[in-house]
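Step one of this worksheet: look at the structure below.
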């Protein structure tokens, strides 16, 4: 029975297998979101309620280039997510199930393009394992029942990788595909500013590709990419200038960089209080004894001091300002580690966090196994194809460094855009290690 099923799968065309993975993934995700909806998952939402409300307000005002005074999130966010949610509500009505339906589609597309990318760079058994793993990847389920960024960022990342491989590695270049790729990339960083920091890497990848490793002078595609990216940024930049009275790239979260460049007086925002040392989480030294005896349960900034943190403090884990190298290391660990051994202080050195046992188990099973097998996976990939090795490894490295240097509140779910890469490379590692073990056993006989 098992062999018959395997043989049937082998006879299917790659496109049919891709479609099958997409349909299975979508059905499972949407089924989960329906279950979550009827169990009132919305009651657990924080930021997602804001994203949902902003989309409603955009529809009520009838303005795609919405005013910043209609909602706090209009200041913080780029327009990508509000536009998607507003369009979803326009089609399906102002309800959570419509949002969940569209997010489930996006989540299923992550699986579809994970399989397609794996097919382009790996053998078919490895690609099949990657597609199957992506189908049942727990965290793609969880974030399908949201109105937030996570699934969409995962989709944009695998789409960017897919088009880079299709256009410049497989040499299936066409200008319509190239224009579609540029539009997707520009929309991705209007969705989240972190994608903007990939621009130099993408430019360099295109440049190396079209110059055949700088062996010939040919820069047309690199110039087109740069010109069109800047051109497509102009409309939202004009909107921001009219709204803010100064140059603001994408969202106000970029002001910490652009204000220094253009000489503007920096503004204060809500997240400044959260990420600042003396903000939301801060506990004065003279307040520690009161926390230990349970007398002080809320910081001056309004953060509830959990019992977990109080117990950690009783055990000698006292909060203190993080040194830059400590903050860098903690953010890196938060993003990439498959499980957390013990609780620790994050963000400023005063925010205590400890993953639950259930989360650690789920994280290890669905992500950790792939994470560890990605080490031999990257080795085999390097031996097989250095171009793809550098593309995958550099994407992980740059995305990680963005968080390690610039995102104080980095948490594990920010890794979701990288998970498709770990699924692909980890699947390669699993199959290759299995083949090596099988080969060695045959040789011993």
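Numbering (the working numbering), first residue to last: 1 to 445.
In this text, a Cβ means the ideal position worked out from N, Cα and C, and glycines have one as well.
Could you name the residues of the same chain whose beta carbon sits closer than 6 Å to that of residue i, not counting the 5 residues immediately before and after it, in chain order?
{"i": "residue 261", "result": "none"}
{"i": "residue 417", "result": "153, 154 and 157"}
{"i": "residue 32", "result": "141"}
{"i": "residue 2", "result": "Model confidence at residue 2 stands at a pLDDT of 48, short of 50, so the residue's coordinates are unreliable; what they give is reported in the following sentence. Cβ within range, chain order: n/a, list empty."}
{"i": "residue 264", "result": "246"}
From the DSSP output, which residues share a beta bridge with residue i?
{"i": "residue 304", "result": "298"}
{"i": "residue 344", "result": "353"}
Verify whether the separation of the beta carbon atoms of residue i and residue j is less than 7 Å.
{"i": "residue 398", "j": "residue 201", "result": "yes"}
{"i": "residue 451", "j": "residue 188", "result": "An answer regarding residue 451 cannot be provided, because it is not within the stretch 1 to 445 covered by the chain."}
{"i": "residue 59", "j": "residue 89", "result": "yes"}
{"i": "residue 106", "j": "residue 161", "result": "no"}
{"i": "residue 319", "j": "residue 349", "result": "yes"}
{"i": "residue 370", "j": "residue 301", "result": "no"}
{"i": "residue 68", "j": "residue 243", "result": "yes"}
{"i": "residue 429", "j": "residue 356", "result": "no"}
{"i": "residue 108", "j": "residue 25", "result": "yes"}
{"i": "residue 217", "j": "residue 145", "result": "no"}
{"i": "residue 239", "j": "residue 65", "result": "yes"}
{"i": "residue 250", "j": "residue 78", "result": "yes"}
{"i": "residue 296", "j": "residue 287", "result": "yes"}
{"i": "residue 125", "j": "residue 431", "result": "yes"}
{"i": "residue 119", "j": "residue 14", "result": "yes"}
{"i": "residue 277", "j": "residue 321", "result": "yes"}
Considering only the alpha carbon of each residue, which of the options lies closest to residue i?
{"i": "residue 351", "options": "185, 106, 396 and 298", "result": "298"}
{"i": "residue 324", "options": "378, 314, 216 and 346", "result": "346"}
{"i": "residue 312", "options": "340, 353, 145 and 412", "result": "353"}
{"i": "residue 388", "options": "193, 215 and 122", "result": "122"}
{"i": "residue 316", "options": "331, 432, 296 and 292", "result": "292"}
{"i": "residue 327", "options": "381, 402 and 383", "result": "402"}
{"i": "residue 448", "options": "234, 76, 225 and 259", "result": "Beyond the ends of the chain as shown, which are 1 and 445, falls residue 448; an answer cannot be given."}
{"i": "residue 404", "options": "194, 329, 376 and 233", "result": "329"}
{"i": "residue 27", "options": "136, 120 and 62", "result": "136"}
{"i": "residue 171", "options": "392, 358, 230 and 210", "result": "210"}
{"i": "residue 110", "options": "102, 134, 87 and 119", "result": "134"}
{"i": "residue 149", "options": "264, 191, 131 and 379", "result": "191"}
{"i": "residue 205", "options": "391, 13, 381 and 76", "result": "391"}
{"i": "residue 256", "options": "17, 52, 76 and 30", "result": "76"}
{"i": "residue 380", "options": "42, 13 and 436", "result": "436"}
{"i": "residue 159", "options": "132, 195 and 63", "result": "195"}
Beta-carbon within less than 7 Å of residue i's beta-carbon, same chain only, minus the 5 sequence neighbours each way: which residues are those?
{"i": "residue 411", "result": "334"}
{"i": "residue 309", "result": "352"}
{"i": "residue 228", "result": "182"}
{"i": "residue 385", "result": "121"}
{"i": "residue 193", "result": "78, 250, 251, 253 and 254"}
Let me check you understand the geometry: is the CB of residue i closer than 6 Å to at least one non-hydrogen atom of the ligand PLP?
{"i": "residue 253", "result": "Of ligands this structure carries none, so the ligand PLP is not represented either."}
- prompt: Does the stretch 17 to 32 come within contact of the stretch 112 to 124, defined as at least 3 CB pairs closer than 8 Å?
  reply: Three or more Cβ pairs drawn from the stretch 17 to 32 and the stretch 112 to 124 lie within less than 8 Å of each other, which places the two stretches in contact.
Touch test, the stretch 29 to 41 against the stretch 130 to 150, Cβ-Cβ under 8 Å, three pairs minimum: The answer is yes - the stretch 130 to 150 touches the stretch 29 to 41, with three or more Cβ pairs under 8 Å.
- request: Could you tell me whether the stretch 299 to 317 touches the stretch 328 to 337, using the rule of 3 or more Cβ pairs below 8 Å?
  value: Result no; under three Cβ-Cβ pairs closer than 8 Å.
- request: Examine the Cβ distances between the stretch 170 to 185 and the stretch 353 to 368 and report whether three or more of them are shorter than 8 Å.
  value: No, they do not touch.
- prompt: Would the stretch 81 to 98 and the stretch 51 to 68 be scored as touching if the rule is three or more Cβ pairs under 8 Å?
  reply: Of all C-beta pairs linking the stretch 81 to 98 to the stretch 51 to 68, three or more are shorter than 8 Å, placing the two stretches in contact.
message: Whether or not the stretch 392 to 408 and the stretch 195 to 211 are in contact is what I'm after, with contact meaning three or more pairs of Cβ atoms, one per stretch, closer than 8 Å; do they touch?
response: Between the stretch 195 to 211 and the stretch 392 to 408, the count of Cβ pairs shorter than 8 Å is three or higher; the stretches touch.
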